[in-house]
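**Q**
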Amino acid sequence: MRKFLTVITALALASVALAETRTVNVNVQTLTGRPVPVSIDLLTLRDAIGAEFPMDWTSLKVTVDGAEVPYQIDDVDLNERISAGDYVGFLATGPAVIEISDAPADAAAYPSGFTVSGEDPVVIESLSTAGFKVEVPAHGLSRIVGYGETQDLLANEIGILRFSGFPESTFWANEQLGPHEEYTNLEAGGMRHVGTTVLAAGPARVTVVAEYASDRFVGLQQRLITHIYATGDVEVVNGVRFGGYSDMMKLQSMATAVMSQADLESLHLMPVFRRLLWADQLGTAPEAYFAERSAVTEVDGTPYLAFRTDDNLSPLFWGATYIFASAEPWRANYSPNLGVGVAELAYTTPEIVDDYDAWLSGNTWVFESQEFRTGVFKWTADEFGTYEATEGITPGESNHYLPGDTTTFHFNYSAFQANTAEDAIRYARDRQAELASVALE
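Numbering of the sequence shown is given in this note's numbering, commencing with residue 73 and proceeding in unit increments.
See the structure below:
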C-alpha cells in the first residue's frame, strides 16, 4: 500500500513539474485616477498566448503590480460555454499581466460589484462608484440614470442605430433605387427586437447582449454588446451585419439625450475638428469657424470647442450644430450647474483620407436633436455646388453593402464629476487616452 501511494505522489509531483504557465502583458496607461476598463475577446487572448498551447481557462489569473485583480469571463456568444467569442473583463490601475497554465485549477470566484434588480427595466447599481445607476429596458438600449448625487437621465438609448436607404433597391441589376426610408431601432418598420440577455453580474461589469433584425431591409442585423462597469463607464460594441445587398444613405450609432434632460444649460465639449466641410467651404480652418461663433476655449495651451448644447451656432446650412465633420477621439456634454457630465470616448480614431468622396463614405460626426451620431451620412446639400471647395463632391450616391459586410462602432460612455468645464475637458481627454492605450504586448 505504501509503495502504491508513493507512486501516486510521484506522478502528481511530476504532473506539477511538467505544467507550463504562459503570460501576456497588457499595456494600461493611467491618467485620471480611476481604474481602467479592460476587455479582451478570448480568441485574441488565445492567439497572444499561442494557439498551440493547451491552456486551461480555470487557471487564468490577472495581476497588477503583482497583486491579483478580480476578473470575469462573459458568455457573450450565449452558447453557455467558454469559447472564442467570449470576453474576459477586469479593471486595472496600471499595466496588467494575464497568466494561464495548461493544468486545471480551482476557478477563481469573486464577489459581484453590483446590485441588480427588476425586470423591465433591469436596474444595475455599482457598489463602488456612488450613485452610478444604469437601466436596461426590455428593448436592450441602456440608459444612464444616475451618477453621484445626480439621479436623473444622463444618457439615453445608448447604441441605438439610425439607418436609411432604399429597401426595394435593384441597383445591382438596373441601377434603380426605389423609395427612400429611414428608421431607428425603436420605430415601427425599423429593427425587430430579437432578444435581450443580461448576463450575471461580475466583479468588474454587467454585460448585456441585445439583438435586432430588420424585416424591411432584408438581412440587416444588429448585435449590441453593452458592458456596464462599476467605475461609471458603459462600453458598447455595436456590430452591424448585412446578410443581403443594401443601398444605404445613413448608418449611424447614437446616444440620445446626453445630459440635456438633466440640465438644459449643459455644455457640449470636444477637440477642434481636424476637418469640417463648412470651414473648407468658407476657406478657413475649423478653429476659426467656431471662434467666430465664440465657441473656442483653451485648456492647458490647447484649443477646444465649448458651447451650449441647445445652441446650433448658426450653421452654414441645414439645422445641425455640426455635420460633415471628422470623427474625433471624444466629445462630452457637461453640466456646470450639476458638476456632472457624460463623455463619449472612442477606442480608435479614424484617419482622414484626402479624397472627399471617400471620406464622406466613411464614419463622420453629426450633432443634431441632442443626439451624438457617428457613422455614414451620404446626403448632399445643394450648397455643395455653390462653394468652390466642394462643387465637385458627389457623396449623394448611396453606400453599397454586399452580403457578409460588417461594420462595428466601439465607444465608451463615461459618467464623471468635474468642478469646471476645463476639468471636464481634461477628464474626457485623459480618459479617452487611457482606453486607447489598452493593448496586448
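All C-beta atoms, glycine included, are put in the ideal place defined by N, C-alpha and C.
So, using beta-carbon positions, are Gly315 and Pro475 closer together than 8 Å?
**A** Sequence index remark: in the sequence shown, residue 315 carries index 243 (1-based). Sequence index remark: in the sequence shown, residue 475 carries index 403 (1-based). Going by C-beta atoms, Gly315 is nearer than 8 Å to Pro475.
**Q** Check whether the Cβ atoms of Phe456 and Gly304 lie closer than 8 Å to each other.
**A** The sequence position of residue 456 within the sequence shown is 384, counting from 1. The sequence position of residue 304 within the sequence shown is 232, counting from 1. Cβ distance not < 8 Å, so Phe456 and Gly304 don't count as in contact.
**Q** Tell whether a beta-carbon distance below 8 Å holds between Trp129 and Ile112.
**A** Your numbering for residue 129 matches position 57 in the sequence shown. Your numbering for residue 112 matches position 40 in the sequence shown. Contact flag unset, no.
**Q** Between Thr116 and Ser241, what straight-line distance do the alpha-carbon atoms span, to the nearest angstrom?
**A** Reading the sequence shown from its first residue, position 44 is the one you call residue 116. Reading the sequence shown from its first residue, position 169 is the one you call residue 241. Taking the straight line joining both Cα atoms gives about 38 Å.
**Q** With a 10 Å radius around its C-beta and 16 neighbouring C-beta atoms as the bar for buried, classify Thr187 as buried or exposed.
**A** Along the sequence shown, one-based indexing puts residue 187 at 115. Counting Cβ neighbours within 10 Å, Thr187 comes out exposed, since fewer than 16 surround it.
**Q** Starting from Ile154, follow the beta strand (DSSP E) in both directions and report where the run begins and ends.
**A** Numbered from 1 along the sequence shown, position 82 holds the residue referred to as residue 154. It is not in any beta strand (DSSP E) - Ile154 carries neither H nor E in the DSSP assignment.
**Q** Give me the Cα-Cα distance between Ile232 and Gly203, rounded to the nearest whole angstrom.
**A** Taking the sequence shown and counting its residues from 1, the one referred to as residue 232 is at position 160. Taking the sequence shown and counting its residues from 1, the one referred to as residue 203 is at position 131. Looking at the two C-alpha atoms, the distance is approximately 24 Å.
**Q** Just tell me which of Thr421, Pro176, Asp119, Ala493 has its CA closest to the CA of Thr480.
**A** By one-based count along the sequence shown, residue 480 stands at place 408. Measuring from the Cα of Thr480, the nearest candidate turns out to be Thr421.
**Q** Please report the straight-line C-alpha distance between Thr81 and Asp178, rounded to a whole angstrom.
**A** On the sequence shown, position 9 is the one that residue 81 refers to. On the sequence shown, position 106 is the one that residue 178 refers to. Low per-residue confidence applies at Thr81: pLDDT is 43, beneath 50, and the placement is therefore not dependable, though the value from the model is reported in the following sentence. Thr81 and Asp178: Cα-Cα distance of roughly 20 Å.
**Q** Could you tell me whether the region 101 to 111 touches the region 160 to 172, using the rule of 3 or more Cβ pairs below 8 Å?
**A** Taking 8 Å as the limit for Cβ pairs, the verdict is that the region 160 to 172 does touch the region 101 to 111.
**Q** May I ask you to report which of helix, strand or coil DSSP gives Asp454?
**A** Here residue 454 is taken as the residue at index 382 of the sequence shown, counted from 1. Residue state, collapsed to three classes: helix.
**Q** Based on DSSP bridge pairs, tell me the residues matched to Asn228.
**A** As a first step, residue 228 must be located in the sequence shown, where it is residue number 156. Paired residue(s): Thr328.
**Q** Whose CA, out of Tyr406, Leu410, Arg234, lies closest to the CA of Gln324?
**A** For the purposes of this step, residue 324 is identified with residue 252 of the sequence shown, where counting begins at 1. It is Arg234.
**Q** Taking the straight line between their C-alpha atoms, what separation do you get for Leu349 and Glu253?
**A** For the purposes of this step, residue 349 is identified with residue 277 of the sequence shown, where counting begins at 1. For the purposes of this step, residue 253 is identified with residue 181 of the sequence shown, where counting begins at 1. Approximately 26 Å, taken between the alpha carbons.
**Q** Have a look at Pro176, Leu377, Ile196 and flag the residue whose alpha-carbon is nearest the alpha-carbon of Leu339.
**A** Against the sequence shown, residue 339 aligns to sequence position 267. The shortest Cα separation from Leu339 among Pro176, Leu377, Ile196 belongs to Leu377.
**Q** Can you list the beta strand (DSSP E) stretches of 3 or more residues lying completely in the region 218 to 298, in chain order?
**A** As far as the region 218 to 298 is concerned, its whole beta strand (DSSP E) runs of at least 3 residues are 227 to 237, 253 to 256, 264 to 270, 277 to 285.
**Q** Span of the alpha helix (DSSP H) holding Trp390?
**A** Along the sequence shown, one-based indexing puts residue 390 at 318. Note, Trp390: premise wrong, no alpha helix (DSSP H); not H, not E.
**Q** Enumerate in chain order the residues of its own chain whose CB-to-CB distance from Ala453 is below 8 Å, with the five nearest sequence positions on each side excluded.
**A** Working through the sequence shown from its first residue, we reach residue 453 at position 381. Taken in chain order, the residues that qualify are Phe389, Trp390.
**Q** Which of the three DSSP states is assigned to Tyr499 in this structure?
**A** The residue labelled residue 499 in the question sits at position 427 within the sequence shown. The answer is helix: DSSP assigns Tyr499 an H, G or I state.
**Q** On the three-state DSSP scale, how would you describe Lys75?
**A** In the sequence shown, counting from the first residue as 1, residue 75 sits at position 3. Here the model assigns Lys75 a pLDDT of 43, short of 50, so the residue's position is not dependable, and the following value carries that caveat. Helix.
**Q** Going by DSSP, what residue range makes up the beta strand (DSSP E) through Pro375?
**A** Counted from its first residue, the sequence shown places residue 375 at position 303. Taken as a continuous stretch (DSSP letters only), the beta strand (DSSP E) holding Pro375 covers 374 to 380.
**Q** Is it right to say Asp146 is buried, meaning 16 or more other beta carbons lie within 10 angstroms of its own, or is it exposed?
**A** For this step, residue 146 is matched to residue 74 along the sequence shown. Answer is buried; the Cβ neighbour count reaches 16.
**Q** Between Gly157 and Gln144, which are expected to be in contact by the criterion C-beta below 8 Å, what is the C-beta distance as a whole number of angstroms?
**A** Counting from one through the sequence shown, the residue named residue 157 turns up at place 85. Counting from one through the sequence shown, the residue named residue 144 turns up at place 72. Incorrect: roughly 15 Å between the Cβ atoms, too far for contact.
**Q** Can you tell me the Cβ-Cβ gap for Ile300 and Val306, rounded? I've got them flagged as a contact below 8 Å.
**A** Residue numbering aside, residue 300 sits at position 228 when the sequence shown is read from its first letter. Residue numbering aside, residue 306 sits at position 234 when the sequence shown is read from its first letter. Contact flag correct, Cβ pair sits at about 5 Å.
**Q** Which of the three DSSP states, helix, strand or coil, is assigned to Ala493?
**A** Position 421 of the sequence shown holds residue 493. Helix at Ala493.
**Q** Could you give the first and the last residue of the continuous beta strand (DSSP E) run that contains Ala404?
**A** Here the question's residue 404 lines up with position 332 in the sequence shown. That run of the beta strand (DSSP E) goes 402 to 407.
**Q** Within the continuous alpha helix (DSSP H) that includes Glu359, where are the two ends?
**A** As a working mapping, residue 359 is identified with position 287 in the sequence shown. Element bounds for Glu359: 358 to 363.
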